[in-house]
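Just below is one structure, and these are the notes that go with it.
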Amino acid sequence: MTRVYSIICATLAFMAVALPAQAQEAAASLDERVNAAFAGATGWFVNFIFMSIPGTNFPWIVMWLVIGATIFTIYFSVVQFRFFGHAISLVKGDYSDPEDAGEVSHFQALTTALSGTVGLGNIAGVAVAVGIGGPGATFWMILAGLLGMASKFTECTLGVKYRNENPDGSVSGGPMYYISKGFDELGLPGGKILAVLFSIFCILGAFGGGNMFQANQAHAQITQITGDFPGWITGVIFAGVVFAVIVGGIKSIARVTEKIVPFMGILYVGAALVVLIVNYNLIGWAFGQIFAGAFTGLGVAGGLVGALIQGFKRAAFSNEAGVGSAAIAHSAVKTSEPITEGFVSLLEPLIDTVVICTMTALVIVISQQLIIDPATGNYVLNEAGTAIATVGDTSGVALTSAAFGSAIGWFPYVLALAVILFAFSTMISWSYYGLKAWTFLFGEGKTTELVFKVIFCIFIVIGAAASLGPVIDFSDAAIFAMAVVNIFCLYFLMKVVKAELASYSARLKSGEIKKFTH
0 MTRVYSIICA
10 TLAFMAVALP
20 AQAQEAAASL
30 DERVNAAFAG
40 ATGWFVNFIF
50 MSIPGTNFPW
60 IVMWLVIGAT
70 IFTIYFSVVQ
80 FRFFGHAISL
90 VKGDYSDPED
100 AGEVSHFQAL
110 TTALSGTVGL
120 GNIAGVAVAV
130 GIGGPGATFW
140 MILAGLLGMA
150 SKFTECTLGV
160 KYRNENPDGS
170 VSGGPMYYIS
180 KGFDELGLPG
190 GKILAVLFSI
200 FCILGAFGGG
210 NMFQANQAHA
220 QITQITGDFP
230 GWITGVIFAG
240 VVFAVIVGGI
250 KSIARVTEKI
260 VPFMGILYVG
270 AALVVLIVNY
280 NLIGWAFGQI
290 FAGAFTGLGV
300 AGGLVGALIQ
310 GFKRAAFSNE
320 AGVGSAAIAH
330 SAVKTSEPIT
340 EGFVSLLEPL
350 IDTVVICTMT
360 ALVIVISQQL
370 IIDPATGNYV
380 LNEAGTAIAT
390 VGDTSGVALT
400 SAAFGSAIGW
410 FPYVLALAVI
420 LFAFSTMISW
430 SYYGLKAWTF
440 LFGEGKTTEL
450 VFKVIFCIFI
460 VIGAAASLGP
470 VIDFSDAAIF
480 AMAVVNIFCL
490 YFLMKVVKAE
500 LASYSARLKS
510 GEIKKFTH
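Below, the structure written as structure tokens:
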């Protein structure tokens, strides 16, 4: 494996030297041809997945995710609140038996899954949501995040219950396994076909949204600080670092994520807290804007409904509750009780959406980057009437950067570091998701795994060097197509989770399940 790793690193280094600068212009025209061809072939699929419900601008896929989260919340009697304290105990390792099958600890599984969801959406996506839906979008974003905790609980419990434990001690799990094995167990038809369909969508999502988009945005953020330079240089560097991590499998990925996720979370939230402290006198006003905007709209585009749509959309796109991706990471946990990983996983939407996304929204609101009409107290719309006018006419990452920079001038550099870390952590987690879908389709084995990992790293270079908008749009659509298959199947399998929950709750209450002393 060391020899193979050296060969691949040498290949990546050769690419860095051999790619001529004059090829950039030719690559640009190639981008245009690929974009045109791909948009023509896949545009219908992208349009279908993100299509709005007739008479509204509310994407049906967001409604699908929110309805699913609401059903799971009711069906499991608000499990996200009843077992929140127990989830914290599990993450701390209070109930961890070192002899249990699996590859990573509860904490490592949580950080691996979080590294796949905490990313650019928490920075740029929230800015877009607040810019269009106003501060009130934050309230609905938090509500959707709290509901999404039940979706994560459901899918991650099943991920552990139906995982494959291989002779070498490694494990493979996720929706493709619980769909195929769970449907067979319940005597339901179509499980194998649905599992294959999910796997295909997962691989497409891993190459695009979980890879190329991340590399592209990381390069864009770096060039804002260093000045323009060829994207393939960023791509080759990222590819080499990512390969060095993912070549060691989930244990190697988990060792990195258990360090980088807490670091980048503390870095980002800490920076946000500094902005809030500098503007401490406006904190009460900012929360007032959030609650008032949630129920009145405060003059934003679409009013109250616009705020609700943007908040729900950002939460659904950020924490991926119901998509099924996190269940793949959580399946590798060391446990003999599937339900315990369900409890741990429900913390993800809380951290991703309720904490990190809310911090971004608060910083944008409290820094007063959104322009308010002093006469009416309502927000002023831009010339097109589609979003709130901002200081400097910024949006997305630029709006978030300006909000942070309003407190301390060098904060945009901290934000740039956060973007790069978020992109890197997302790539290594999605490489694992794509790998498990790949091996489900093509079989387990070192060669099969290595082929996927090399292809994944090549796509990093392509993503950083090219602007393949329609390709990434198609990949994003594939990620949410995963949710269509996953939530449909969860409705049939959620009774299995309820039986697991009842059994575990009874044994926990009776004292049969005890804490371990380490």
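Numbering (numbering that gives the first Met the number 0) for the sequence shown: 0 to 517. Where a beta carbon is used, it is the ideal one built from N, C-alpha and C, also for glycine.
Residue i and residue j look like a contact to me (Cβ under 8 angstroms); what is the Cβ gap, rounded to whole Å?
i    : j    : result
A463 : A214 : 4 angstroms
I52  : M62  : 6 angstroms
I355 : V117 : 6 angstroms
V332 : A108 : 4 angstroms
F44  : F138 : 33 angstroms between Cβ atoms; not a contact.
F455 : N210 : 6 angstroms
G135 : G376 : Contact flag wrong, Cβ pair sits at about 14 angstroms.
A480 : I202 : Between I202 and A480 the Cβ distance is about 12 angstroms, and since that is not below 8 angstroms, they are no contact.
T357 : I141 : 6 angstroms
A320 : L64  : 7 angstroms
V159 : S330 : 6 angstroms
Indicate the three-state DSSP secondary structure (helix, strand or coil) for residue i in the structure shown.
i    : result
V274 : helix
L369 : strand
V332 : strand
S171 : strand
A22  : Residue confidence is low: A22 scores 49 on pLDDT, short of 50, so the model does not pin down where it sits. Its coordinate-derived value is still stated next. If DSSP states are grouped into helix, strand and coil, A22 belongs with the helices.
V103 : strand
S51  : strand
Y378 : strand
I407 : coil
P58  : strand
E154 : helix
I289 : helix
E340 : helix
E448 : helix
F163 : Reading off the sequence shown, one finds Asn at residue 163, where the question assumed Phe. Residue state, collapsed to three classes: strand.
T393 : coil
I70  : helix
I387 : strand
Could you check the C-alpha separation between residue i and residue j for me, to the nearest Å?
i    : j    : result
K452 : I265 : 30 angstroms
G39  : N46  : 12 angstroms
S424 : P373 : 42 angstroms
F286 : L369 : 15 angstroms
V460 : W284 : 45 angstroms
Y176 : W437 : 12 angstroms
S518 : S317 : A question about residue 518 goes unanswered here, because the residues of the chain that appear run from 0 up to 517.
A401 : T393 : 8 angstroms
R81  : S504 : 11 angstroms
F237 : A112 : 20 angstroms
R313 : G132 : 11 angstroms
G226 : A360 : 28 angstroms
A20  : A217 : Low per-residue confidence applies at A20: pLDDT is 46, beneath 50, and the placement is therefore not dependable, though the value from the model is reported in the following sentence. If you take the alpha carbons of A20 and A217, they lie about 20 angstroms apart.
A476 : V484 : 13 angstroms
A26  : P229 : The pLDDT assigned to A26 is 49, lower than 50, so where the model puts this residue is not dependable; a value taken from the coordinates is nonetheless given after this. Distance between the alpha carbons of A26 and P229 is about 11 angstroms.
L507 : D351 : 28 angstroms
V103 : A68  : 27 angstroms
F429 : A205 : Correcting the residue type first, residue 429 is Trp in the shown sequence and not Phe. Their Cα atoms are separated by approximately 5 angstroms.
A315 : G120 : 10 angstroms
K445 : V396 : 39 angstroms
V450 : S76  : 44 angstroms
F421 : Y431 : 16 angstroms
G310 : L349 : 15 angstroms
G247 : V322 : 26 angstroms
Can you give me the Cβ contacts of residue i inside the same chain, cut-off strictly under 8 angstroms, excluding the 5 residues immediately before and after it?
i    : result
I427 : S114, V241, V244, I245, I252, V255, T256
A270 : F403, F410, V413, L414, A417
F491 : G181, F182, L185, L187
L281 : I365, Q367
F447 : Looking at the sequence shown, residue 447 is not Phe but Thr. Around T447: W437, T438, F441.
F473 : F37, T41, F44, V45, L203, G207
F487 : L193
K258 : none
Using a Cβ-Cβ cut-off of 6 angstroms (strictly less than) and excluding sequence neighbours within five positions of residue i, which residues of its own chain qualify?
i    : result
T519 : There is no way to answer for residue 519, as the model of the chain reaches only from 0 to 517.
F524 : Since the displayed the chain opens at 0 and closes at 517, residue 524 lies outside it and no answer follows.
Q220 : A415, V418
F435 : Per the sequence shown, the amino acid found at residue 435 is Lys instead of Phe. S171, G173, I327.
I308 : F57
F200 : A477, A480, M481
Y267 : A417
Who are the Cβ neighbours of residue i in its own chain at under 7 angstroms, not counting the five residues just before and after it?
i    : result
T156 : P337, I338, E340, G341, V496, E499
L398 : A126, G130, I363, Q368, T389
A86  : F342, V343, L345, L346
Q23  : Reliability of the predicted coordinates at Q23 is poor, the pLDDT of 49 falling under 50, and no value is obtained from them.
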